[in-house]
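S.K.:
Residue numbers (the numbering used here): 31 to 366.
(1) Can you check whether the CB of residue 79 is closer than 8 angstroms to the CB of residue 98?
(2) Would you be able to state if there are at least three C-beta pairs under 8 angstroms between the stretch 166-176 and the stretch 123-138?
(3) With distance defined between alpha-carbon atoms, name the residue in 253, 241, 191 and 256 nearest to residue 405.
(4) May I ask you to list the residues that DSSP assigns as paired with residue 128?
(5) By the three-class DSSP mapping on this structure, what secondary structure does residue 138 have?
(6) Would you identify the three-state DSSP class for residue 340, choosing helix, strand or coil?
(7) Are at least three pairs of beta-carbons, each pair with one atom in the stretch 153-160 and one in the stretch 176-189, less than 8 angstroms apart?
(8) Classify residue 85 as buried or exposed, calling it buried when 16 or more other Cβ atoms lie within 10 Å of its own Cβ.
(9) To test your reading of the DSSP string, which unbroken beta strand (DSSP E) runs of 3 or more residues are found completely within the stretch 152-234?
(10) Would you call the CB atoms of residue 149 and residue 122 closer than 8 angstroms?
(11) With C-beta atoms as the reference, is residue 115 less than 8 angstroms away from residue 92?
(12) Indicate the three-state DSSP secondary structure (helix, strand or coil) for residue 248 in the structure shown.
(13) On a Cα-Cα basis, can you pick out the residue from 96, 231, 189 and 195 that is closest to residue 144?
(14) Assuming contact is defined by CB atoms lying nearer than 8 angstroms, are residue 225 and residue 236 in contact in what I supplied?
(15) Kindly indicate which residue of 140, 219 and 205 has the alpha-carbon position closest to the one of residue 192.
(16) Would you mind working out which of 81, 137 and 135 sits nearest residue 118, comparing C-alpha positions?
(17) Only counting the same chain, and skipping five residues up and downstream in sequence, which positions put a Cβ closer than 7 angstroms to that of residue 206?
(18) Can you tell me where the beta strand (DSSP E) with residue 105 in it begins and where it stops?
(19) Can you name the start and end residues of the beta strand (DSSP E) that residue 77 belongs to?
(20) Look at the alpha carbon of residue 75 and the alpha carbon of residue 189, and state the distance between them as a whole number of angstroms.
(21) Within this structure, are the beta carbons of residue 94 and residue 135 separated by less than 8 angstroms?
(22) Got a sec? Which residues, its chain only, sit under 8 angstroms from residue 106 by beta carbon, not counting five neighbours each side?
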């Protein structure tokens, strides 16, 4: 009986020891939980984009507006440059973005084209945006230097320094227009005509003018008209030449007047009549067939001819008188 009690007590002791040993092991399992998989991956570092805006002259451009889009085309940022022309987009996830300039903030400048921007973890991507100046609007006119008429067909080069920036040719209305690139807020250019309008001399002087971004400017060249040569004569006379005078005693066929004969100019004998001699033959001049009746104006040559005859007759009479006196004096001297 006593042996049975001992064996029973030993079995209970073994059972109790086994229970005490297992219990702590079971209670220790929940004190060491397995870490979650998401906690093992650290969060990525954000990046940023810093923009500096200038013009081609190097001056900062405040007030320029920009829009930043992510790879899905969603808005990731929007802002305006400060007084130093700077703008920063912060807390951007790494990736590729699209940057758009929506306004330059200046009436003298154009916006730039869209561009891609790469954002890297924990880094700042710096960009310099250079806004170009707006082009000057040029109006070319070619004019007649006397009348001011607009002339088509004039071609000019517009240059600065040694570079030709724009070539214009006036159209049917005598004008042409174009855009002149600008690199500063004000610049001087020169104009040279390389082809003159038809019928005009080339305008050789070089003209200068000043232009500003986005502003209109008018350039005028003047051309002198070429001299028109006079027409050459045709070689044919424009009037009928006077006919050759007819023979003595016959009237000219061209004038209808009679020509005195050679005997009319003979010196008359002393004591002859002082009347003017008439041409040989018929004393009345004959009117050529087909000519008009003579007027009193035709008597003028006859009067001149008669006066000449009278003068000649008087001279002859004086010569004869002196000769007679000389002969008489000689005879008287011989007789004595």
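Positions of the beta carbon are idealized from the N, C-alpha and C atoms, including for glycine.
M.R.: Taking the geometry as given:
(1) Yes; because the gap between Cβ atoms is below 8 angstroms, this pair is in contact.
(2) no
(3) There is no way to answer for residue 405, as the model of the chain reaches only from 31 to 366.
(4) The bridge partners DSSP lists for residue 128 are 99 and 146.
(5) coil
(6) helix
(7) no
(8) The residue in question, residue 85, is buried, as its Cβ has 16 or more Cβ neighbours within 10 Å.
(9) 154-161, 166-174, 185-190, 193-199, 205-210 and 217-225
(10) yes
(11) yes
(12) strand
(13) 96
(14) no
(15) Checked all of 140, 219 and 205; the closest Cα to residue 192 is 219.
(16) 81
(17) Around residue 206, the same chain offers 170, 198, 199 and 200 as residues with beta carbons nearer than 7 angstroms, after the five sequence neighbours per side are excluded.
(18) 105-110
(19) 77-85
(20) Taking the straight line joining both Cα atoms gives about 53 angstroms.
(21) For residue 94 and residue 135, yes; Cβs fall inside 8 angstroms.
(22) For residue 106, where only same-chain residues beyond five positions count, the Cβ hits under 8 angstroms are 98, 99, 100, 119, 122 and 127.
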